[in-house]
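Quick mapping for you: the protein sequence lines, in order, are chains F and C. Residues are numbered in this note's numbering as their position in the first sequence, beginning at 1, plus a constant of 739. Residues are numbered in this note's numbering as their position in the second sequence, beginning at 1, plus a constant of 73. From the three backbone atoms N, C-alpha and C, an ideal C-beta is built for every residue, glycine too. Just so we're clear, the structure is a prediction, and the values are computed from it rather than from any experiment. Read through the structure below, which is laid out as structure tokens, and then see the notes.
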Amino acid sequence: MRMSEILIKNANVCDPAQGINCETMDLCIRDGKIVESVSESAEVIDAAGRLTMAGGFDGHTHSAGKINVGRFMNPNDARRTLVPGLSGPEARTEKTRAQVGYNTPNTYAIGYRYAKLGYTTICEAAIPMLAARHTHEEFKEIPILDKMGLSLFGSNWQVMEYVRDKEPEKLAAYVAWGLKASRGYGVKIVNAGGGEAWGWGKNVSGLYDPVPNFDVTPAEILMGLAEANEKLQLPHSVHVHCNNLGKPGNYETTIETMKMFEKVKPTVDRQALHVTHVQFNAYAGTSWRDFETGAPMVADYLNGANHLTFDLGQVIFGPAVTMTADGPVEYANSRMLHEKWSNQDIELEDASGVVPLSYSPKSFINAVQWAIGIELALLVEDPWKIMFTTDSPNGGSFVNYPEAFTYLMSAKKREQVISGFGKMALDRMVLPGLDRELSFYELAIMTRSMQSKMYSRPEKGNLKVGSDADVAIYDIITSDIDPSVEHEKVKQAFSGAAYTLKDGNIVVKDGKIEATPMGRTYWVNAKVPADIDSAMNKDTDIKFKKYYTVSKSNYMVEDSYLPNPVEIRTEGAF
Amino acid sequence: MQVVKLSLNKANKIPIEADTVTPDNFAGKTKEEIEAILVWYGNGQCPLGDFFTVEVEGSDSAENTKIVFEGNVSRVKRIGQGMSAGEIEINGNVDMHCGFAMKGGKIVINGDADSWLGCEMKDGEIILNGNASYYVGSGYRGESCGMRGGKITINGNARDYLGEHMCGGEILVTGNVGLLPAISNNGGTIVIEGNATMPASEMKNGTVIIKGEISDMLPSYKEDGTEEVEGVTYRKFVGDVNAGGKGMLLIK
């Protein structure tokens, strides 16, 4: 199936990694990579001056693992058809399997629909290590896309003990072992310590509130894991879901967390910290009554800081499904909203919860949440710090990305939505005063280019010679369109790529799936000195003997779970 | 007036999904056209004429169209799904999802109905002269609103979860019902002339009247005086307190 050579003619290339801002040129592809030139016999795709970017990279999405709990809690989601062509039931075709769903689509639909949006790589945001097998089983059934996942370490007994006992080398060894055991790509920390506290029906109230029975604080866990992350020279920084998520007034904790990382020295050329779905962590006020946006304060700090990246967690009005390892937050959600609630205990590792909900523009809280995501994107000056996400499906399904892009690119579109808000909502946000409109170049940074550096994947998110030939061509002539006015056209073009190429294969043409090759799974194998590794293993042996419900040998994800693995080796600086 | 008679040629084991069998879809069509209407059978679609002998008298609009099933269609599902007008008469037993999401018109069943009768019904009327199975007038799995309007009359018994997640409309059962009728309902009226077990749990709103005996009355209801309905005085309970509900449960 693989075409050995392709020439994309007249591509209006927008590739921020090379500083190319909508310049018309030809792109050459050989054996799945971008090359300087191709022979006369190359297959020709005429881009006809249309907008061409590298394949999109969603660096924070819940698409494998916990999403399955969302599926069985929301069988009704299967029949939702809110976004035409990208949701609801679709019968199988010769090329595609049957599809269902909106927030929690089946695995095949996830692959097809991301590809239709021009996305070619996703990062699952939370792998509970004990359940990693399940994540990889779902990865196996998500076609087209390249995948990676972040393993959860933030409420792990072994982690907290090593932090408490000041054993940074063993902690690093444990992280390396955990990544190998779960075939994960990086370190995810969700409400540090809160998952363990939730085991006792409690939560941690901030960075310095000790975790019950472990005598460590969330701040110590964060710093300990950051140190381990850098010791192992992992390709991604720690990926942090801050404490106090979803609570009015939490912007202070968020800024405090960001500040704490100023002293972390990255050992790889990337950020020292990624703070995720900041929308949920940029709330001011003291209760839901006086709740208001905290985005200006957070953005103000971000504008002066250069050690971190963040993603939006933009809210989309309509039904969503929240799913997080932040167990106590989900309990609070379900009580407040009288919604269905699922709760899981991941033994020694973390908690987890799933709650479906619906964001309504009539609710002033939801309206302000919606505004905060956009405010962050517009108030933070440097798009290289910002990754576009909806924390799919927490803020809303990824199939709404094209709609959300228009919020960022068109003040008119925003006005349209804002006109439906009540006065109370308008008083609590700053969005109506913002007239910044993002360009295609800035959008490309947030949706593919910055991810390349953020995840140290130089072959992704750009169209440099030698990079993966993941290309998206959208039906937009940038010189003829004013996205500020013609936002509907922009939305339509991003909803079904004219072409999506994955490793040089045409996977989408005119918004329809053409081919469904198997993507890769990236995982990190970090080297640890043998003596430290064996000392750490003695400790974990005890954990497995005394507490786990599975044996250590059955815990490890075997090679057979990764049909197309890419092992990223790191040397470590011990 | 248009009358379409359908007689099943041979009892089928694999269910037929007859969501295309509605007065809306049959109105003004000839025998040949109706025979050519596709229904799902297993994993493929077949013309209706493969299974049924079709007789057509007259030609008229949907509201003046009557479909009559002669004999049991106990493996034919989704008859009258989404219909908005006209009438369907079934002289025998019928399979699941009969009258699913119907918006108007009338279905009369002279036999028993399998589960999900009239689920997510919006308007219209269903009269069942026989027994019903589970989930009469309820919601699709996972949905928070079931039946929203219209009326279902069951001249017989019904099994468990009658009116689950009901938001409006009316259900009348002249016989007994099984477990948990009116579970999680949020509106509408359910009248049960016979007996019921654990009625109205997690009810948020609506009215439930039970004229017969109740087994396992749930403790999460507040007694609040009496209420007279059509000359009969009932003990009035309000709840379900567990769900912060304001529903009214009237019992003898």
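- Non-local C-beta neighbours of Ile-1216(F) in its own chain, meaning closer than 8 Å and more than five positions away in sequence, comprise Asn-751, Gly-788, Arg-789 and Leu-790, ordered along the chain.
- A distance below 8 Å separates the beta carbons of Gly-155(C) and Met-175(C).
- Boundaries around Ala-1090(F) are those of the beta strand (DSSP E), 1089-1098, since no alpha helix (DSSP H) includes it.
- The stretch 136-155 of chain C and the stretch 89-104 of chain C touch, with no fewer than 3 CB-CB distances between them shorter than 8 Å.
- For Tyr-114(C), the uninterrupted beta strand (DSSP E) run begins and ends at 111-114, by DSSP.
- Contacts with chain C at 8 Å (Cβ-Cβ) do not include Pro-844(F).
- Per DSSP, reduced to three states, the secondary structure at Ser-776(F) is coil, with no helix or strand assignment.
- The Cβ-Cβ distance between Val-839(F) and Ala-817(F) falls below 8 Å.
- For Met-1062(F), the closest C-alpha among the options Ala-1090(F), Asn-1045(F) and Glu-1086(F) is that of Ala-1090(F).
- Counting along the chain, Leu-1147(F) sits inside the alpha helix (DSSP H) bounded by residues 1140-1148.
- Per DSSP, the unbroken beta strand (DSSP E) holding Lys-309(C) starts and ends at 305-312.
- Residue state for Gln-75(C) is assigned as strand, using DSSP reduced to three classes.
- Contact between Ala-786(F) and Asp-1209(F) is ruled out by a C-beta separation of about 15 Å, above the 8 Å threshold.
- For Lys-886(F), the enclosing beta strand (DSSP E) begins and ends at 885-891.
- Contact of Glu-237(C) with chain F is not assigned, every C-beta pair being separated by 8 Å or more.
- Around the beta carbon of Arg-1308(F), a 10 Å sphere encloses fewer than 16 other beta carbons of the protein chains shown; the residue is thus reported as exposed.
- Taking a Cβ-Cβ cut-off of 8 Å, the neighbours of Tyr-213(C) in chain F comprise Pro-814, Asn-815 and Arg-818, given in sequence order.
- By the Cβ-count criterion, Asp-1039(F) is exposed, with fewer than 16 other Cβ atoms from all chains shown falling within 10 Å of its own Cβ.
- For Glu-216(C), at least one C-beta of chain F is nearer than 8 Å to its own C-beta.
- If you draw a straight line from the Cα of Asn-166(C) to the Cα of Val-311(C), it is about 37 Å long.
- A residue is called buried once 16 or more other Cβ atoms fall within 10 Å of its Cβ, and Phe-1313(F), having fewer, is exposed.
- Here Gly-318(C) is near Asn-278(C), since their CB atoms are less than 8 Å apart.
- Under DSSP, Cys-240(C) forms no beta bridge with any residue.
- Distance from the CA of Val-1305(F) to the CA of Val-1156(F), rounded to the nearest whole angstrom, comes to 43 Å.
- Burial is judged here by how many other beta carbons sit within 10 angstroms of a residue's own beta carbon; Glu-833(F) has fewer than 16 and is exposed.
- A straight-line Cα-Cα distance of about 53 Å links Tyr-1286(F) and Val-774(F).
- Proximity to Val-1263(F) across Ile-1281(F), Glu-1310(F) and Thr-1239(F) peaks at Glu-1310(F), based on C-alpha coordinates.
- Taking C-alpha positions only, Glu-266(C) is separated from Asp-233(C) by approximately 15 Å.
- For Asn-230(C), the three-state secondary structure derived from DSSP is coil.
- Within the same chain, Ala-1208, Asp-1242 and Gly-1243 come within 6 Å of Gly-771(F) by CB-CB distance, once the 5 residues on both sides are set aside.
- When rounded, the separation of the alpha-carbon atoms in Ala-316(C) and Ala-273(C) is 11 Å.
- For Ser-1234(F) and Pro-1141(F), the gap between their C-alpha atoms comes out near 6 Å.
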